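In the numbering used here, the protein residues as written are 5 to 238. The beta carbon of each residue, even a glycine, is placed where N, CA and C say it ideally should be. Being a predicted model, the structure only gives us computed values, none of them experimental. Read the structure below first, then the notes.
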């Protein structure tokens, strides 16, 4: 189900399947590259928008899942919908994760979109996660991208292989400038495959923590943890 939240001239469209942000416009300007099918070689791929990576970012075969986990490929339940606010919930009835309750909130105000993920463990044993968000930001020219105030060296070969960047505070293109705020998602990944005008700037808990045997986030029994990503237009 496709839902829309608005605030003046700001619009966010969210698909309950995957809790997927299909598009984001501030003052009628596309900030997010709109979600769409793109032909890559002989295959059609879904690119654009922004999806959650849950319970883990990156390769997830160690826990028997597809890349980036099940959050983006599950139907989320609508808990609350207002003009500029949406809350969704996911309970996944599969072994090991049946005690994980996940909620996503989208809050759209005059100059920002806040995306909040809360994961709650209702079981009696700890759960371990390493989530992220995977937004595709739209740009017009590779030569007009600035990250943290410095002109970005758009090296397609490096980007195709993923750049583990560290903290990203600002992103500027020829059409907009935005500021990022985050909570427990302070390690950023940059990626694109060059098939269209998008650059993924992805806030993660700890990069590809599961695949690379790095620290995971422990959710203790009967407790919850909040992860937050905020896109602020200057």
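Can you tell me whether residue i is helix, strand or coil according to DSSP?
{"i": "residue 10", "result": "strand"}
{"i": "residue 66", "result": "helix"}
{"i": "residue 86", "result": "strand"}
{"i": "residue 71", "result": "coil"}
{"i": "residue 76", "result": "helix"}
{"i": "residue 18", "result": "strand"}
{"i": "residue 225", "result": "coil"}
{"i": "residue 206", "result": "strand"}
{"i": "residue 120", "result": "strand"}
{"i": "residue 101", "result": "coil"}
{"i": "residue 107", "result": "strand"}
{"i": "residue 92", "result": "strand"}
What is the C-beta distance between residue i and residue j, in whole angstroms, given that I count them as a contact (C-beta under 8 Å)?
{"i": "residue 77", "j": "residue 225", "result": "Between residue 225 and residue 77 the Cβ distance is about 27 Å, and since that is not below 8 Å, they are no contact."}
{"i": "residue 139", "j": "residue 95", "result": "Actually they are not in contact, since the Cβ atoms of residue 139 and residue 95 sit about 25 Å apart, beyond 8 Å."}
{"i": "residue 142", "j": "residue 201", "result": "6 Å"}
{"i": "residue 88", "j": "residue 10", "result": "6 Å"}
{"i": "residue 187", "j": "residue 231", "result": "6 Å"}
Using the beta-carbon count (16 or more within 10 Å), is residue i buried or exposed?
{"i": "residue 71", "result": "exposed"}
{"i": "residue 199", "result": "exposed"}
{"i": "residue 106", "result": "buried"}
{"i": "residue 50", "result": "exposed"}
{"i": "residue 21", "result": "exposed"}
{"i": "residue 212", "result": "buried"}
{"i": "residue 79", "result": "exposed"}
{"i": "residue 170", "result": "exposed"}
Pull up the DSSP beta-bridge partners for residue i, would you.
{"i": "residue 54", "result": "25, 139"}
{"i": "residue 294", "result": "Shown here, the chain extends from 5 to 238; a query on residue 294 therefore has no answer."}
{"i": "residue 37", "result": "DSSP lists no partner for residue 37."}
{"i": "residue 220", "result": "None; residue 220 has no bridge partner."}
**Prompt:** Can you list, in chain order, the stretches of the alpha helix (DSSP H) that have 4 or more residues and sit fully within the segment 124-193?
**Reply:** 160-164
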